[in-house]
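Residue numbers 17 to 454, in the numbering used here, belong to the letters of the sequence shown in order.
C-beta atoms are modelled at their ideal positions from N, C-alpha and C, and glycine is treated no differently.
Please read these numbers as outputs of a predicted model, since none were measured by experiment.
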Amino acid sequence: MQVIPVSFPKDFLWGVSTSSHQFEGGNTLNQWHDWERSGHVRGGPSGAACDWWTDAERDLDLCASLGLNALRISLEWSRMEPAFAHWSDTAVVRYRELLRAARSRGMRVFVTLHHFTHPRWFEARGGFLDAQAPELFRHYAKRAVRSLGDLVTDWVTFNEPNVYVAFGYVFAEFPPGRLNELNAALTAFGGIMRSHAAAYDVLHREQPEANVGMALHYTAFEPARDNPLDRQLVDAYDSLFNRGALSYLMGEPLPLPFAMMATSVPEVAGKADFIGLNLYNRLHVRAPLGEKFGPGGLHVPPEVPQGDHGHISPYGEAYPKVVTAAIKSWAPLGVPLYVTENGVPDRDDRLRPWLMVQSLIELRRMWQQGYDVRGYFHWSLVDNYEWSEGWRLRFGLYALDELTQQRTARPSAELYRQIIADGGIRRETVEKYEKEPE
Ligand code: IFM
């Protein structure tokens with residue numbers, strides 16, 4: 017056995033993350049299906065996705081072969097409640113099969129209730145702008161825990177509400193496709209915080225041992241120049257996008273001027289048993305808005321490490337140090353943290369091994385310094401449908417041919433398997449991936 021200079025605790029969770037719309041296939045009752053059909057997605061529709069609704073078991077076998085002891089999936093609300101107040105037993109039967117199949121392969125399953133998609137009927141009411149949204153979400157959470165609660169206790173109410181509102185109400189990349197509507201974005205965010213609080217309460221009421229959290233995207237923002245304007249814009253992004261949910265959970269107001277536009281949700285304070293961090297990128301920020309730069313002055317310098325390029329914009333700089341920044345930023349909440357997503361779009365597997373090794377080294381350093389970080393979930397097991405980029409960005413440890421559904425391991429799959437089997441990273445691996453790939 018090689019020397020393991022980077023080792024992890026015995027009970028550390030090693031997983032992969034997935035989501036319903038990106039993996040199941042055939043989800044035609046949600047707002048994303050309508051968005052795809054109206055031609056908004058550049059890289060094709062989700063179609064059969066990774067075919068999980070008929071055969072997730074094939075991929076669960078891959079998870080087992082990697083030695084995973086954890087898995088993150090999401091429930092598709094539009095399958096659970098296809099029409100308002102009409103609950104589907106078929107969906108429950110399939111999710112029960114899936115959860116049993118994962119558990120029998122040794123995985124603890126974290127279940128997300130909302131991962132960007134919801135029923136068409138809910139969107140028609142205004143989504144999280146609807147004053148009734150928390151009540152509707154509470155019913156859904158109750159149905160989930162009552163029908164699946166004997167198989168799962170780890171619940172993620174929302175995936176990346178910060179991305180959901182930014183892309184849906186500011187950048188027009190996700191449904192409902194609204195542009196530069198910061199007020200609506202903040203109102204929807206407030207609605208999500210209220211819905212989280214409602215779900216948190218009902219999950220705990222129905223299942224006293226429930227472990228309920230939320231998964232937030234955290235991006236490292238860097239001033240493009242050493243000037244006060246760039247730094248101010250960085251602060252604004254950081255306090256709103258990265259730490260908006262943290263302010264709510266800490267019972268603190270958002271910084272000005274956002275506090276004046278935001279909904280106050282005092283009932284959400286303290287309602288998180290853990291936080292999931294989804295960690296990928298660094299973006300450079302340049303103010304005032306220049307023509308050469310993306311929305312809001314965001315910019316990815318061409319010389320930084322980057323994976324697959326989006327149809328129009330770059331995905332972002334692959335940046336392992338975001339792990340440290342995010343953990344330090346969220347530590348004041350005082351609850352356990354999990355890296356619920358980390359990865360890079362990388363068809364050729366050029367950056368992925370380096371990113372995985374360096375991110376894990378950062379994570380382990382944080383843990384050694386006393387930060388309570390309990391697990392790592394790679395995004396993702398196989399290539400999957402990447403929202404407005406369709407099939408263009410390839411995030412899988414396994415390559416997927418979405419037409420034949422054939423899976424082919426990328427070298428990173430073997431690397432992850434080895435790290436998990438060793439419970440750490442071998443010296444030769446640390447040395448091999450010390451430097452950013454050219
Ligand atoms: O695919 C997404 C996922 O749905 C949410 N977090 C980021 C991933 C990669 O962009």
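Can you tell me which residues form a DSSP beta bridge with His233? As a first step, residue 233 must be located in the sequence shown, where it is residue number 217. BP columns for His233 point to Asn294.
Where do the N-terminal and C-terminal ends of the alpha helix (DSSP H) with Leu383 fall, by residue? Here residue 383 refers to the residue found at position 367 of the sequence shown. The amino acid occupying residue 383 in the given sequence is Trp; Leu does not appear at that position. Its alpha helix (DSSP H) spans residues Arg368 to Gln384.
May I ask which residues mark the beginning and end of the beta strand (DSSP E) holding Glu454? Indexing the sequence shown from 1 puts residue 454 at position 438. Taken as a continuous stretch (DSSP letters only), Glu454 belongs to no beta strand (DSSP E), as it is neither H nor E.
From the DSSP output, which residues share a beta bridge with Asn46? Looking up residue 46 in the sequence shown gives position 30. Asn46 is bridged to Pro135.
Measuring only from the beta carbon, is Glu268 closer than 7 Å to any heavy atom that is part of the ligand IFM? Start at 1 with the first residue of the sequence shown, and residue 268 comes out as number 252. Not under cutoff, so the answer is no.
Beta-carbon within less than 6 Å of Pro269's beta-carbon, same chain only, minus the 5 sequence neighbours each way: which residues are those? Within the sequence shown, residue 269 is the residue found at index 253, counting from 1. For Pro269, where only same-chain residues beyond five positions count, the Cβ hits under 6 Å are Ala275.
Go through its chain and collect everything with a Cβ distance to Asn196's Cβ below 7 Å, but skip five positions before and after it. As a position in the sequence shown, residue 196 is number 180, starting the count at 1. Taken in chain order, the residues that qualify are Val186.
What is the rounded straight-line gap between the Cα of Pro321 and the Cα of Val108? Residue mapping note: residue 321 aligns to position 305 of the sequence shown, counting from 1. Residue mapping note: residue 108 aligns to position 92 of the sequence shown, counting from 1. Going from the Cα of Pro321 to the Cα of Val108 covers about 42 Å.
Taking Lys337 as the reference, give the member of Val301, Ser81 and Asn358 with the closest Cα. Within the sequence shown, numbered from 1, the residue matching residue 337 stands at position 321. That would be Asn358, whose Cα lies nearest to the Cα of Lys337.
Which residues in the same chain as Ala99 place their Cβ atom closer than 7 Å to its Cβ, once the five residues preceding and following it in sequence are excluded? Walking along the sequence shown from the start, residue 99 turns up at place 83. Trp137.
Under 8 Å, do Phe132 and Trp48 count as touching if we go by C-beta distance? The count along the sequence shown starts at 1 and reaches residue 132 at position 116. The count along the sequence shown starts at 1 and reaches residue 48 at position 32. Cβ atoms of Phe132 and Trp48: closer than 8 Å.
For Gln421, is the beta carbon positioned less than 7 Å from some heavy atom of the ligand IFM? As a first step, residue 421 is located in the sequence shown; it is residue number 405 there, counting from the start. For the ligand IFM, not one heavy atom lies less than 7 Å from the Cβ of Gln421.
Starting from Arg423, trace the beta strand (DSSP E) both ways and give me its first and last residue. Mapped onto the sequence shown, residue 423 falls at position 407. Where Arg423 is concerned, the enclosing beta strand (DSSP E) stretches over Gln422 to Ala425.
Would the region 377–395 and the region 105–121 be scored as touching if the rule is three or more Cβ pairs under 8 Å? no
Is Gln248 near the ligand IFM, with its Cβ less than 7 Å from a heavy atom? Mapped onto the sequence shown, residue 248 falls at position 232. Not under cutoff, so the answer is no.
Can you check the region 186–225 for any alpha helix (DSSP H) of at least 4 residues that lies completely inside it and give the ranges in chain order? 198–222
Do you know offhand how far Gly41's Cα is from Ile20's? In the sequence shown, counting from the first residue as 1, residue 41 sits at position 25. In the sequence shown, counting from the first residue as 1, residue 20 sits at position 4. Cα to Cα, the separation comes out at about 40 Å.
beta-carbon Gln38 near the ligand IFM non-hydrogen atom, thresh 7 Å: As a first step, residue 38 is located in the sequence shown; it is residue number 22 there, counting from the start. Answer for Gln38: yes, Cβ within range of the ligand IFM.
Close beta carbons around Asn297, own chain, < 8 Å, minus the five adjacent residues each side: Numbered from its first residue, the sequence shown carries residue 297 at position 281. Excluding sequence neighbours, Asn297 sits near Thr235, Ala236, Tyr331, Gly332, Glu333, Ala334, Tyr335 and Val338.
Rounded to whole angstroms, what's the CA-CA distance from Ala285 to Ala213? Just pull it up for me. To locate residue 285, count along the sequence shown from 1; it is residue 269. To locate residue 213, count along the sequence shown from 1; it is residue 197. In a straight line, the C-alpha of Ala285 is about 8 Å away from that of Ala213.
Put Pro330 into one of helix, strand or coil per three-state DSSP. If you number the sequence shown from 1, residue 330 lands on position 314. It is a strand residue.
In the structure shown, what three-state DSSP assignment does Ile435 receive? Numbered from its first residue, the sequence shown carries residue 435 at position 419. Of the three classes helix, strand and coil, the one that applies to Ile435 here is helix, per DSSP.
Per DSSP, the bridge partner or partners of Thr128: On the sequence shown, residue 128 is found 112 positions in, with the first residue counted as 1. Partner(s): Ser90 and Val172.
Tell whether a beta-carbon distance below 8 Å holds between Arg426 and Ala437. The residue given as residue 426 occupies position 410 in the sequence shown. The residue given as residue 437 occupies position 421 in the sequence shown. The answer is no: Cβ separation not under 8 Å.
With 16 as the cutoff for other CB atoms within 10 Å, does Glu52 come out buried or exposed? One-based indexing of the sequence shown puts residue 52 at position 36. Buried, because 16 or more other Cβ atoms sit within 10 Å of the Cβ of Glu52.
Supposed contact pair Asn294 and Thr356 - C-beta distance, whole angstroms, cut 8 Å: The sequence position of residue 356 within the sequence shown is 340, counting from 1. The sequence position of residue 294 within the sequence shown is 278, counting from 1. Confirmed, about 6 Å.
Taking the beta carbon of Glu452 as the centre, do at least 16 other beta carbons fall within 10 Å, making it buried, or is it exposed? One-based indexing of the sequence shown puts residue 452 at position 436. It counts as exposed.
Give the DSSP-derived three-state secondary structure of His37 in the structure shown. Position 21 of the sequence shown, counted from the first residue, corresponds to residue 37. Reduced to three states, the DSSP call for His37 is helix.
Looking at the structure shown, is Ser23 part of a helix, part of a strand, or coil, going by DSSP? Locating residue 23 in the sequence shown gives position 7, where the first residue counts as 1. DSSP places Ser23 in strand when its eight states are reduced to three.
By Cβ distance below 7 Å, which residues in the same chain neighbour Ala347 in space, the five residues on each side in sequence not counted? In the sequence shown, residue 347 corresponds to position 331, counting from 1. Only Tyr387 meet the Cβ criterion.
With DSSP collapsed to three states, give me the class of Pro271. Here residue 271 corresponds to residue number 255 of the sequence shown, with the count starting at 1. Here Pro271 sits in coil by DSSP.
Is there at least one non-hydrogen atom of the ligand IFM closer than 7 Å to the beta-carbon of Phe393? Position 377 of the sequence shown holds residue 393. The answer is no for Phe393.
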